[in-house]
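Under the numbering used here, think of the first position of the sequence shown as 1136, with each following residue one higher.
Everything below concerns the one structure shown next.
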Amino acid sequence: MLATLKDFEVWFITGSQHLYGPETLAQVEKHSREL
């Protein structure tokens, strides 16, 4: 039996580390919201 895409659920989990600095964290947050 072949699986179809309707049989799956996809989650995108984003995160970051504070050592990257505020500019990078803001960009990660922006990209996460766009997804």
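Here a beta-carbon is modelled for each residue, glycine too, at the ideal position from N, C-alpha and C.
- Glu-1158 and Leu-1137 have their C-alpha atoms spaced approximately 45 Å apart.
- Contact annotation: Thr-1149 and Ser-1167 have beta-carbon atoms nearer than 7 Å.
- In this structure, Leu-1170 lies away from Phe-1143, with their beta-carbon atoms at least 7 Å apart.
- For Val-1163, the three-state secondary structure derived from DSSP is helix.
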